[in-house]
Structures are given as structure tokens and as C-alpha cells.
């Protein structure tokens with residue numbers, strides 16, 4: 010049984026299921042790879058969008074930190090050494 014060349018078939022003549030049936034194994038493999046490429050490209054685009062949003066939030070956070078530090082806001086220094094000494098004295 011001889012298959013018709015792909016170029017002689019129009020999309021009006023057959024539906025997708027019929028098209029897949031007449032495709033060679035290599036053509037089916039190519040179709041699968043093209044679909045995979047399209048899915049991967051879409052995933053990469055989503056990752057890039059998320060990365061851009063995360064970077065934007067990161068930069069805004071840095072800007073807010075720099076602003077607060079510039080106007081004199083600071084965090085209290087940890088008092089770890091004093092607390093450790095007090096705990097040791099109380100236990101002994």
C-alpha cells in the first residue's frame with residue numbers, strides 16, 4: 010500500500026486523526042518533537058516572565074532598604090554575647 014505524499018493532501022480532505030495514520034514513523038517523531046519544542050518554549054517564556062517579576066520585586070526591596078538606611082533607620086545590634094554571659098552566670 011503506497012502512501013500519498015504529504016504535500017498532495019489538504020487539511021480540508023482529512024482530519025488530524027487521519028493525517029496521523031498516514032504519516033510515516035519519522036514524520037510522527039518529527040511532529041512529537043515539534044510539539045515538545047513548542048511546549049518547552051512556552052515553559053521558558055513563563056519562567057522568564059516569573060524571573061522578571063521576581064527581579065523587579067527584588068530591586069524594589071533593595072531600594073526600600075537603601076532608603077530606610079539613608080534616612081537613619083537601622084536594626085538593633087544582636088546582644089548575643091551579653092545574653093550568653095547572663096545565662097552562664099544564672100546556671101552556675
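In this note's numbering, the protein residues as written are 10 to 101. C-beta atoms are modelled at their ideal positions from N, C-alpha and C, and glycine is treated no differently. Every value quoted in this text rests on a predicted model; they were computed, and no experiment measured them.
State the CB to CB distance for the pair residue 42 and residue 32, rounded to an integer number of angstroms; the pair is presumed to be in contact (CB under 8 Å). Your numbering for residue 42 matches position 33 in the chain shown. Your numbering for residue 32 matches position 23 in the chain shown. Rounded, the Cβ-Cβ distance is 13 Å, inconsistent with contact.
Along the chain, where does the alpha helix (DSSP H) that runs through residue 83 open and close? As a working mapping, residue 83 is identified with position 74 in the chain shown. That residue, residue 83, is in no alpha helix (DSSP H); it is neither H nor E in DSSP.
If we ignore side chains and look at the alpha-carbon of each, how far apart do residue 87 and residue 59 end up? Looking up residue 87 in the chain shown gives position 78. Looking up residue 59 in the chain shown gives position 50. For residue 87 and residue 59, the distance between alpha carbons rounds to 35 Å.
If you run the structure through DSSP and keep just helix, strand and coil, what is residue 48? Counted from its first residue, the chain shown places residue 48 at position 39. The answer is helix: DSSP assigns residue 48 an H, G or I state.
Compute the Euclidean distance between the alpha carbons of residue 62 and residue 69, then round it to the nearest angstrom. Within the chain shown, the letter at position 53 stands for residue 62. Within the chain shown, the letter at position 60 stands for residue 69. Rounded to whole angstroms, residue 62 to residue 69 spans 11 Å at the Cα level.
Alpha carbon to alpha carbon, what distance is there between residue 78 and residue 84? By one-based count along the chain shown, residue 84 stands at place 75. By one-based count along the chain shown, residue 78 stands at place 69. Whole-angstrom Cα-Cα distance: 9 Å.
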